[in-house]
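Take a look at the structure set out below.
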Amino acid sequence: MKIYKMKKFLLLPLLIVACLKANAQNVGIGTTTPLEKLDVIGKIRSSTLSGVGNRLVMADPTGTLNASTTGLLDSVAWLTLGNSSIDSTKNFLGTLNFRPVIFKTNGNGATNERMRIMAEGQVVVNKTAPLAGDVFSVYGAGLAGVLNPLGDFSINGYSANTGCGIYGENVGSGTGVFGNTSNGTGLLGTASGATAFASRLYNSNVNGTALLASGNNLGATYLVNGSAASFRGNTFGTINFSNISSVAVSGSAVWGANRKTIILSFLGGAGVTGIDSANGSGVIGASYFGGNEGVYGLGSSTNGTGVFGTATAGASPYGVWGQVSTGATSIAVAGLNSSTGANAVGVLGQEVAAPNGPTRFGVYANGDLGASGTKPFMIDHPLDPANKFLKHFSMESNEVLNYYRGNVILDANGEATVQLPDYFQSINNTNYGYNLTPIGQPASLYIKSEVSSTGQFVIAGGQPGLKVSWTLTAERNDPYLQQNPDKRLVEINKTGDAVGKYLQPTLYGQPQEMGIYYKKHKELKSTAEKSVTLDNEELKNLKKLNSEK
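Numbering-wise, the numbering used here puts 10 at position 22 of the sequence shown, and it's gapless, one number per residue.
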């Protein structure tokens, strides 16, 4: 009986082993179709894996499973599907010691590094270390294998509508955006639209300066009271500012100064202002092709001025200076008036300072003064100054003459001696002309003695006490005419560009283009003036700091 039971007990394990072997040697718990050597459907409990919190199961080199003693696996793990923890002391990516966070792509070599967050918080892209003091550095051509090895654009900013592609801000006295280069362009702006602007600068402060530019390492300075721009340099092609101050109400679109410490006030403002106090030029304009203008001024406003020059310092300053050094018919300063107005003037010189001294002139020619028309004086008519002008005309002659006149009373001998000015003989030659007129009665007057070395001549032939009016003309012969005898020439052959042309071609049936001094009128083309209106969105961007704080 006992032997039978023992055989029955041994038979059951043998049957189980036979079944396992028949099932491809896989063992299943909770399943009749195990797919692996051990296939468990359900939970597994092991006292070896017990501990505080969720444990991490790891296999040692022998293949034995053990609970990890190197850390905990809890709910603050970063997941690719998102994280919900708000505990910033646990829920973060980073290091717990003084080490950087390194990002690499396409491999783990040194050249595969793309970005590094330094232990101090600095961020550098495409290099292993940033420039000292930089918070965020991007290198376009840094480590080998980067996407941009030529360094075309390290950073690109894109925006649509009225947004900003790149925005930089400094709340102190530093720089919001800084550009630097050794040989290229530190800061470049381009535009392709018809109404676009390559660069637009704006200062929201009523006394602010929109643009501050400095060359030759001179340091920066600026204009106060709302200037649009300030430039500083000391080489040709630049403008030098030094301690500039101004109280201009309307300001200047462009204001240039060269080694000037104080700029004048212009209550109406100016399109372009250039000032120099050394040996340079306040404004230089140059033209080399096509007969264009070096400097062109247009005054299109009511009663405006195309070009205005003023000088306020020194004993002999020049408001406007014109100079040429070549050309047979060149003109240093030209005035052309094509208006049909009754009171139009080509060139006006006006002397208005009081008192008007004897050597002050509205227009003065240091040399010959010529005209193809008449040479009158014109004044307000003394009898009707509000409604009329009065004109008198200069006498013309084929000689260069000086004219003298006077009245004398004949003495008891019927004679009179006329004393001429002491300079008379120093500016005239001996080719004199006399004219005598008796007043009150006829007389046989004559010149008894011509002008002597003492500048006297004698009138005779009349009754004692007779009043005689006399005139004398003399041919001018001062040093100017002595050294320039050709100035006496009356008939002169045209030469150079003047040949075949006319002073006033229309008088001879010729077109204006045949004029010796003809210069085609500058064609004034109306151009659409660009205007800038800052909308609310742009103002918000420009004043972002103020609006946020």
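Beta carbons are placed, not taken as given, at the ideal position from N, Cα and C, and that holds for glycine.
Each residue's CA atom was taken as its position, placing V351 and L357 some 10 Å apart. Bounds of the beta strand (DSSP E) holding S125 are 124 to 126. With 16 or more other CB atoms across the displayed protein chains lying within 10 angstroms of its CB, E101 is buried. Note on A448: 16 or more other CB atoms within 10 angstroms of its CB, so buried under the neighbour-count rule. Excluding residues up to 5 positions away in sequence, P88 lie with their Cβ nearer than 6 Å to the Cβ of M106 in the same chain.
In the three-state DSSP reduction, G484 falls in the helix class (H, G or I). In this structure, the alpha-carbon of L460 lies about 20 Å from that of R476. Boundaries for S457: no alpha helix (DSSP H) harbours it, while the beta strand (DSSP E) harbouring it runs 455 to 464, taken from the DSSP string.
In the structure shown, F365 adopts extended strand secondary structure according to DSSP, grouped into three states. Within a 10 Å sphere around the beta-carbon of F296 sit fewer than 16 other beta-carbons, which makes this residue exposed. With a cut-off of 8 Å on Cβ pairs, the segment 490 to 501 is not in contact with the segment 413 to 429, counting fewer than three such pairs. Separation of N390 and K455 (C-alpha to C-alpha, rounded to the nearest whole angstrom) is 24 Å. By the C-beta density criterion, F124 is exposed, having fewer than 16 other C-beta atoms within 10 angstroms.
When the five nearest sequence neighbours on each side are left out, the beta carbons in the same chain lying within less than 6 Å of the beta carbon of G16 are those of P22, D27, in order along the chain. Within the same chain, and ignoring the five residues on either side of D410 in sequence, the residues whose Cβ sits closer than 7 Å to its Cβ are G443. Only residues of its own chain outside the window of five on either side were considered, and among them V388, L389, N390, I415, N416 have a CB closer than 7 Å to the CB of R464, listed in chain order. Straight through space, the alpha carbons of S76 and T20 are spaced by roughly 48 Å.
Beyond the five residues adjoining it in sequence on each side, G18 comes within less than 7 Å, by CB distance, of V28, I29, G30 in the same chain, given in chain order. Classified as exposed, F166 has fewer than 16 neighbouring CB atoms from the shown chains inside 10 Å of its CB.
Counting of Cβ neighbours within 10 angstroms places G162 among the exposed residues, the total staying below 16.
Just measuring C-alpha positions, the residue of V308, A179, T328 sitting nearest L336 is V308. Taking D368 as reference, the option from K92, Q413, L378, A359 with the minimal CA-CA separation is L378. Inter-residue distance for L44 and K92 is about 27 Å (C-alpha atoms, whole angstroms). A buried status is given to A431, since no fewer than 16 other beta-carbon atoms sit within 10 Å of its beta-carbon.
L469 sits in a helix when the DSSP states are folded into three classes. With contacts defined as CB atoms closer than 8 Å, N401 and S457 fail to qualify as a contacting pair. Secondary structure at I415: helix, using DSSP grouped into helix, strand and coil.
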